[in-house]
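A short worksheet on the structure shown next.
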Amino acid sequence: MTSAPVLVTGVAGFIGYHLADKLLRQGRPVVGVDNVNDYYDVGLKRARLARLEGRAGFAFSQTDVADRAGLEAVFAAHPCEIVVNLAAQAGVRYSLENPQAYIRSNLEGFANLLELCRGRDVRHLLYASSSSVYGASTRVPFSTHRGADHPLSLYGATKRANELMAHSYSHLFRLPATGLRFFTVYGPWGRPDMALFLFTRAILAGEPIRVFNHGQMERDFTYVDDVVEGVCRLCDLVPEPDPAWQGEAPDPATSRAPWRLYNIGNNRPVSLLHLIEVLENCLGRKAIKDFLPMQPGDVPATCAEIDDLEKAVGFRPATPIEVGVERFVRWYREYYPAEA
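FYI, the numbering for the sequence shown is -19 to 320, going by our numbering.
So this is what it looks like as structure tokens:
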């Protein structure tokens, strides 16, 4: 592990905040970038930033990754060997309402990062992908060694595009790049548009919760500390070309280029109805359930195959849903005392 600064985009976001916090606690300087947009509560993003600003080793720039000139100024002022891109327009359902936001942030913004990384001494680019890339695939657990070319939402399509864009830069310019397919991340300081947050708020208010596909859904809920631990360990594992890779039978997870894909998930799918039951127990209240059909872009089940992650860095996410939800509820009641 080096003490060189790590540039983290999307640092005011859920995962970005937790990653920056952990890196700083490890003694690694962090350069944080975020546009602090209003996709969800800006106050929550500012509160996360407030817990980082003023700490030794932390610098922040309110910059949009889609702003090439602004991002270039950040790279010039803060040379970094490691870049972790967590900036993106998130959300599957929102991509049906505002597709242009995904093109600008997830494609144009990522292209800017690739260009700036290849023109400087960046030792390793890591970037957030998503389980959404698996789309129409129903073969679980989802493996990075199988194809993922049928996404069911524009969000998933942009994340798959990021993987392919990164590969082209790894091939052409030998830019070491690692794609991180996250699986339904949850925990304290989480996103208000995610199911756990929405359910908690509604149950405390005595309002019905929307249960899609009539509850017949499973998700590989992954606690945020586990995700961040995986990312931190991968930061210093710079990918190298796979000497066994063959074009006749290409492995989708590796390459002749310095490029690699990993799943970061819990490998323990939880039914949506069980999640609600655990949440009810933590809150001490029953949910009013409004059962609805499957929504466009959603998939019935996700599960991550994570043997590669364990082999690479000796770590497997393992936080049980009961522990993670209890921690989230404790944070929620502290942060929103008027609702508790």
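Don't be surprised by glycine CBs; every beta carbon is placed ideally from N, CA and C.
Given residue 202 as reference, the closest of 208, 246 and 227 once Cα atoms are compared:
Of the candidates 208, 246 and 227, the one whose C-alpha sits nearest the C-alpha of residue 202 is 246.
Beta-carbon separation of residue 98 and residue 149 under 7 Å?
Judged by their CB atoms, residue 98 and residue 149 are nearer to each other than the 7 Å cut-off.
Backbone CA spacing between residue 160 and residue 206 [nearest angstrom]:
One Cα belongs to residue 160, the other to residue 206, and the distance between them is close to 13 Å.
Residue 291 classed as buried or exposed, judged by whether at least 16 other C-beta atoms fall within 10 angstroms
Residue 291 should be labelled exposed.
Residue 14 burial status per 10 Å Cβ neighbour count (16 or more: buried)
Its Cβ being crowded by 16 or more others within 10 Å, residue 14 is buried.
Go through its chain and collect everything with a Cβ distance to residue 307's Cβ below 7 Å, but skip five positions before and after it.
Result list for residue 307: 167 and 168, in chain order.
Does DSSP classify residue 14 as helix, strand or coil?
Strand.
Does the Cβ-Cβ distance between residue 219 and residue 156 come in under 7 Å?
Residue 219 places its beta carbon less than 7 Å from that of residue 156.
Is residue 268 buried or exposed, if buried means 16 or more other CB atoms sit within 10 Å of its CB?
The residue in question, residue 268, is exposed, as its Cβ has fewer than 16 Cβ neighbours within 10 Å.
Burial state of residue -4, where buried means 16 or more other Cβ atoms lie within 10 Å:
Residue -4 sits buried, since 16 or more C-beta atoms from the chains shown fall within 10 Å of its C-beta.
Tell me, to the nearest whole angstrom, how far the beta carbon of residue -1 is from that of residue 66; I am working on the premise that it is less than 8 Å.
The Cβ separation is near 7 Å, so the contact holds.
Secondary structure of residue 160, DSSP reduced to three states:
Three-state DSSP puts residue 160 in a strand.
Between the C-alpha atoms of residue 162 and residue 284, what's the straight-line distance to the nearest angstrom?
Here the C-alpha atom of residue 162 lies approximately 9 Å from the C-alpha atom of residue 284.
Just list the beta strand (DSSP E) runs in the stretch 111 to 176, keeping only unbroken ones of 3 residues or longer that don't cross its boundaries, in chain order.
Entirely contained in the stretch 111 to 176, the beta strand (DSSP E) runs reaching 3 residues are, in chain order, 157 to 162.
Near residue 250, what residues of its chain come up, given a Cβ to Cβ distance below 7 Å and the 5 sequence neighbours on each side ignored?
For residue 250, where only same-chain residues beyond five positions count, the Cβ hits under 7 Å are 198, 199, 201 and 301.
Proximity of residue 43 and residue 37 at Cβ, strictly below 7 Å
Between residue 43 and residue 37, the gap from beta carbon to beta carbon reaches 7 Å or more.
Do you know how far the Cα of residue -11 is from the Cα of residue 257?
Rounded to the nearest angstrom, the two C-alpha atoms are 35 Å apart.
Our contact map puts residue 16 next to residue 22 with C-beta atoms below 8 Å; I'd like the distance itself, whole angstroms only.
Separation of the CB atoms of residue 16 and residue 22 is rounded to 6 Å, and the pair is thereby assigned contact status at 8 Å.
DSSP state of residue 266 mapped onto helix, strand, coil:
The answer is coil: DSSP assigns residue 266 none of H, G, I, E or B.
Note down, in chain order, each residue of its chain lying with its Cβ closer than 6 Å to the Cβ of residue 137, except the 5 sequence neighbours on either side.
Around residue 137: 131.
Which of the three DSSP states is assigned to residue 85 in this structure?
Reduced to three states, the DSSP call for residue 85 is helix.
Please work out which residues of its chain come closer than 7 Å, Cβ to Cβ, to residue 225, disregarding the five sequence neighbours upstream and downstream, and give them in chain order.
Only 231, 234, 235 and 236 meet the Cβ criterion.
From 310, 275 and 303, residue whose alpha carbon lies closest to that of residue 72:
Looking at the Cα atoms, 275 is the closest of the given residues.
Distance between beta carbons of residue 75 and residue 134, contact taken as under 8 Å
Going by Cβ atoms, the distance from residue 134 to residue 75 rounds to 4 Å, so yes, they are a contact pair.
If you draw a straight line from the alpha carbon of residue 110 to that of residue 69, how long is it in whole angstroms?
Their backbone Cα atoms lie some 12 Å apart in a straight line.
Could you tell me if residue 271 is buried or exposed, where buried requires 16 or more neighbouring beta carbons within 10 angstroms of its beta carbon?
Under this definition residue 271 is an exposed residue.
Secondary structure, beta strand (DSSP E): runs of 3+ residues fully inside the stretch 268 to 297:
List check, beta strand (DSSP E) in window: 268 to 271.
Beta-carbon proximity list for residue 238, same chain, < 8 Å, skipping 5 on both sides:
Shown here for residue 238: same chain residues with a beta carbon closer than 8 Å to its own, the five before and five after excluded, namely 150, 154, 155, 156, 157, 218, 219, 220 and 221 in chain order.
May I have the straight-line CA-CA distance separating residue 91 from residue 103, to the nearest angstrom?
Cα to Cα, the separation comes out at about 17 Å.
Could you tell me the alpha carbon to alpha carbon distance between residue 311 and residue 320, rounded to whole angstroms?
When only Cα atoms are considered, residue 311 and residue 320 end up about 11 Å apart.
Is it true that the CB of residue 28 sits closer than 7 Å to the CB of residue -8?
Against a cut-off of 7 Å, the Cβ pair of residue 28 and residue -8 comes out as a contact.
Please indicate yes or no: does the CB of residue 97 lie closer than 6 Å to some heavy atom of the ligand HEM?
Here there are no bound small molecules, and the ligand HEM is not part of this structure.
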